[in-house]
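Residue numbers (the working numbering): 121 to 1673.
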């Protein structure tokens, strides 16, 4: 690769190792293991196990450091040579007052250094011009051909480079007696890892970046006026661009010059080189300042200067001084007007004697060729890094580093690819145009700032985790002082070698090519941050690398021979690789180690902000390299960090503390060192030096025992002089000490030549102790002397290896294996013997076979160890062989007795060894046992075994050794088991199949399975099921053939039992149908009688309320039923469940219940009548106060009294009659003043327990009951209730047909006609017409009461109340003052029977027209109850108000749905339906149930809904329905006579009133 190419090719990767945890525990051992592979690359990378993550222990807040400044393009060797060349040529022109500007050719800076080198390589300027080879020069500079660039390069060379080259060669000097610079070798004192001397050299003022940057910037061009006034500028226009030689009197473009000090005016001209189109270069104005080495600064005058020589001469008045002004070239002093005086050395030159000659005296400062050459040849100052002026913390440095990288690459720092950073780094270090400066916190002392690893000291307490990492061998504070490490034998804390250094990097910050001090190992750990890129060269190529760098940049090494030891020089890896140097690379990420091997050159740079730690370490294999390094340092005259001889001798002084491998390596090094010391002391004797003096060199400071010639630190010996006590030399430089006589010189030694072999012998003993031990182990293991060692002797050898820390060699491993095997044999033999002694109590599973016993005995005999247990094992083997012979004889004489076989078997078990014959004996015994078990199980007299027993027997037979008898028995058993399983499966299918089989089929299956001698559970279950089925059939036959129809409970029990049986029963379906029919009838009767969600059962409703006389009992039982706590039906009539099955008992109990109910209600009426009225103002709460169903005392307006029990209730808590159901406009209707026809009758929910259907509906239910072949308690009760109702109806008709009552009815009819004929004071209200289907609007006559009384409801359905009826309530309220009564007089003889009938009729849970007629008649015979009417009106008004509010809310909601675009419900369905506020939820739904009941009864008459006043639906024709209904009801009555056993009296036709 050509230097400076932008295409950087990454070198190959170095080896990467990932140790296991076992390998990772021994750091130096693992490094020694990988050394053969890694050493070939020079560096390697190690990734610790994933969970090895040491905590970062640096105190971040207190960590402060000052970094170094690195200018990238000064790091690279070839780039630095170019920059130095540019500095020198710029200095050359600046001395003469010209400022250099580098021209551009083909849009890139002209490389003046490469141009100069190529011109020299091509034969020089004259040769190239003669052969016209400037085009070849352009080609070698990689310029494209065909653009006449060669001529342009020649022009630039002539004007810029050629004058400088002439001065460098001295061609323009005839005699150059220059004062030479001090050319003595500079002190190459080197103290490794010392920042001021190693890398930090204060940069020269000539290496200014500002100056270098200005060379690449254009300056103002000279004007035409300047060129016309200055003849030299005209010449420059002819010859092209570039500074001329000294003496060209060019004037500055700025004619006004500043005066800087009190000296005379001087005008230093400046020539500027600048590129033009076409490659021409112009001269620009002079610079205001020149760079001089003199201490004084030049001053400038605002006016043009006169001749300097003349001015200087006038300043001297001495004639002899004037005569000394002679030309250095021609040695003449004539033509003094053309004599120039040098401002540097005061020499004189004629302007025409100069080469080239000057046309006139130059103005300003002038230097002679000798001074110019001396200044240009001044050796450059040592290159190094400057220290930054700012102190950073980790946080502030990280912010600066991240900001720099993000700004440079214009992307987040973590997104910049490493490949891009690498290419950009090498592009920058190769560039002479771009000046990039970075900072690097390198070589920070961990002793001062703290290590990144936890350290065990007294400063802070460590956690257990930190303690683990503080003692880890991979902790860089621990690794240099490990037991196998050489550096642990150095007492001093060598910073950077034994004590780690810290490195805080940023992007592009670099560490240059170097090898470690004393060519030691180094290890670097990256704690955190972005990667660090490394480059390495193996030790075999170290000298090759040095040669390549010296060859490519000899200028640097001429001034700094130890340049590579200063860590300040890079060279592109591609350049090294192109010259045959093997280079590898790697990216070290956080948490990874990089190891460099001895004399392996390495360099690299940081990818970004990171924190690393590094330290040196030395192992035994390093010692030869360390000795070679000392010889290398001696040749370079470089200081040592420590004395290698002292280190070797210190380790040799205590050989017992050394690792065995280290002792062997030290012995080898010590031997070489002693031989060399003998040779050197012998040479000293030959020189005649006999004086000697012992010296403890280790107690002297290093600078007092260093060789003054080679700077080596002396330890074994040194030569000193009595007359020159300030210096000494090593024995390799005895001739360089001083010029004194040999007799004055004397030897200073640390050890005598007799002591050194003694130390060497101790090392040899330590190093060879392993060989002595190994020989003893080898003889013992191979029994070379024919004697087996005891276990104790072998253990002693192993203990010796452990105590003397011998390496884990193959021989030691063999010894350990032999011991382990011998101990295992002894333990096994002891177990075998103890097993025999234990006999039957021996642990099972520990026996060995006969072959194993023989192999075990052979193993014990073959071990190189004597064990007395061998005799015991031999004895056991003899016993086993004797037993084997006896067992064979017994087996050969089969059939032997089982007792003999068993005894032999027991003896064999006691031996503790498995004998093959014992196994045969075991098989014979097992066969006999199994066959006996088989016979016992299948014997006819034995108890049948289960399938599990048979399967277990078959499995046991499979494990028995085969024989003809066993095989036959197994086959029979298998066949039997197969047949049994088949019948068991068949029975299982019969038990679980959906299609049940008839009893005959099951009986056949059971009969077949009885012959199998196995207990079958499914067959047994099938047999039990069949027995239960036969018993069930018998029960059914008994019930069906009894005197009475069976009861429903009995049939339900039989059906439940029959369904659970797995047998097909023909009678079951017939029973299920009968039960279903009975349940259907009961459900139909329940819908007819029971209110929705009623708390009563059907039987309770049908039976009389025997406890009606006790208000508390009745009320508490009603509350229990409401809460679902009272469930018993059998307590109704005092009958048990068995009594309910007897029809006679039910009828007798019913009759008794009727009487109790009547007596009870009379008693309750008397009790409640005595209670104070809630309407009275003086009502007070007492024990006799009425209690409403809500549990509160009814008081004030809104209280109603029940017409039956005379108790008081809140009107809002119960269902009340609706007044508007009576007054209806029709041709025959009476006026509103017929108040006795108003619906004001109120029965409380405790008295009215059911819907109270009409008698016609009940008769239809009885007809359906007659068709049932099942008896129900509800049916018996319904028959009794019907007989009671018909009996009451007959008595009521008879009473209504009497003469007294008929007369009273006639007067009442006349009164109605009169009221109808009278003119009304105000217009009667109008009522909307109702649909024809409305039961309240059906025709008059006898059908009218039927329609009015169908529902038995005291209220008109809310749907049928029109919105306009609000005025009805006002009208009724206005009529209240006009109401008068009684309207007729009822004699007591007439009233009493009617009231008694009325009481009995209200107790009936049946609706009868006669009940309503009697109630109207009694109403007319007493004054109107105004308080009740007002209460009903108030309740009606409240209900209407609530209905309208709900209607409006529903309407608003419907409109919102329409507005939202919803489909909404059908408007017909959303008809506003006023609902009673005071009615309960179940009662509000009774209207819907009414329609359902009508459909179920087949039109026999709608069932009664829930109501509290059955007589409220009286039509307006008085008692006409009561008389007309007699003929219509006589027919159904006669049909019930045979079943009810009650005669139905025929009532004669009655005249209509």
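Backbone N, C-alpha and C fix where the C-beta goes; we use that ideal spot for every residue, glycine too.
Alpha carbon of residue 769 to alpha carbon of residue 790, nearest angstrom
8 Å
Could you spell out the range, first to last residue, of the alpha helix (DSSP H) harbouring residue 1329?
It is not in any alpha helix (DSSP H) - residue 1329 instead sits in the beta strand (DSSP E) that spans 1328–1330.
Does the count of Cβ pairs from the stretch 1387–1398 and the stretch 1156–1170 closer than 8 Å reach three?
yes
Count the C-beta pairs between the stretch 775–793 and the stretch 919–939 that are closer than 8 Å, then say yes if the count reaches three, no if not.
yes
Within 10 angstroms of its Cβ, does residue 729 collect 16 or more other Cβ (buried), or is it exposed?
buried
Contact check, residue 1491 vs residue 1339, beta carbons under 8 Å:
no
On the DSSP letters alone, give me the boundaries of the alpha helix (DSSP H) that residue 213 sits inside.
197–215
If you draw a straight line from the alpha carbon of residue 166 to that of residue 137, how long is it in whole angstroms?
5 Å
For residue 941, name the three-state secondary structure that DSSP assigns.
Helix at residue 941.
Which class does residue 1291 belong to by DSSP, given the choice of helix, strand or coil?
coil
By DSSP's criteria, residue 736 is part of a beta bridge. Which residues make up the other side?
In the DSSP output, where bridge partners are listed per residue, residue 736 has 642.
Throw me the rounded Cβ distance for the residue 1268 and residue 1401 pair, which I believe falls under 8 Å.
With a Cβ gap of about 15 Å, residue 1268 and residue 1401 do not count as contacting.
Pick helix, strand or coil for residue 865, following the three-state DSSP scheme.
In the three-state scheme derived from DSSP, where H, G and I count as helix and E and B as strand, residue 865 is classed as strand.
By DSSP's criteria, residue 564 is part of a beta bridge. Which residues make up the other side?
622
Check whether residue 862 and residue 809 have beta carbons under 8 Å apart:
yes
Around the Cβ of residue 221, are there at least 16 other Cβ atoms within 10 angstroms (buried) or fewer (exposed)?
Buried, since its Cβ has 16 or more Cβ neighbours within 10 Å.
Identity of the residue in 869, 816, 1120, 804 nearest residue 853 by Cα
804
Can you check whether the CB of residue 836 is closer than 8 Å to the CB of residue 799?
no
Is it buried or exposed for residue 173, if we count other Cβ within 10 angstroms and need 16 for buried?
exposed
Own chain residues within Cβ distance below 6 Å of residue 1453, not counting five before or after:
Any answer about residue 1453 is weak, because its pLDDT of 36 lies below 50 and its placement is not dependable; what the coordinates show is given next. None.
Grab me the residues of residue 1103's own chain with a C-beta within less than 8 Å of its C-beta, minus the 5 sequence neighbours each way, in chain order.
1125, 1128, 1129, 1132, 1136, 1139
Among 1313, 1290, 1356, the one whose alpha carbon lies nearest that of residue 1326:
1290
Between the stretch 1526–1545 and the stretch 1559–1570, do three or more beta carbon pairs fall short of 8 Å?
no
First through last residue of the alpha helix (DSSP H) which encompasses residue 1092:
Counted as a single uninterrupted DSSP element, the alpha helix (DSSP H) harbouring residue 1092 occupies residues 1084–1112.
Residue 1405 versus residue 1372 - alpha carbon distance
11 Å
What's the C-alpha gap between residue 1208 and residue 1409?
20 Å
Considering only C-alpha positions, which residue in the set 203, 525, 660, 1175 is nearest to residue 553?
203
Would you mind giving the Cβ-Cβ distance between residue 832 and residue 850, rounded to the nearest angstrom? I have them listed as a contact below 8 Å.
Confirmed, about 5 Å.
In three-state DSSP terms, what is residue 137?
Reduced to three states, the DSSP call for residue 137 is strand.
Can you name the start and end residues of the alpha helix (DSSP H) that residue 552 belongs to?
Here residue 552 belongs to no alpha helix (DSSP H), and DSSP marks it neither H nor E.
Taking three-plus beta-carbon pairs below 8 Å as touching, is the stretch 447–458 in contact with the stretch 466–473?
yes
Just to check my reading of the structure: residue 688 and residue 505 have Cβ atoms closer than 8 Å, yes? What is that Cβ distance to the nearest angstrom?
The pair is a contact, with the Cβ atoms about 7 Å apart (cut-off 8 Å).
Along the chain, where does the alpha helix (DSSP H) that runs through residue 1576 open and close?
1546–1579
Our contact map puts residue 549 next to residue 193 with C-beta atoms below 8 Å; I'd like the distance itself, whole angstroms only.
6 Å
Quick one: what's got a C-beta closer than 7 Å to residue 532's C-beta in the same chain, skipping five residues either side?
Taken in chain order, the residues that qualify are 526.
Our contact map puts residue 1225 next to residue 1274 with C-beta atoms below 8 Å; I'd like the distance itself, whole angstroms only.
Not a contact, Cβ separation roughly 10 Å.
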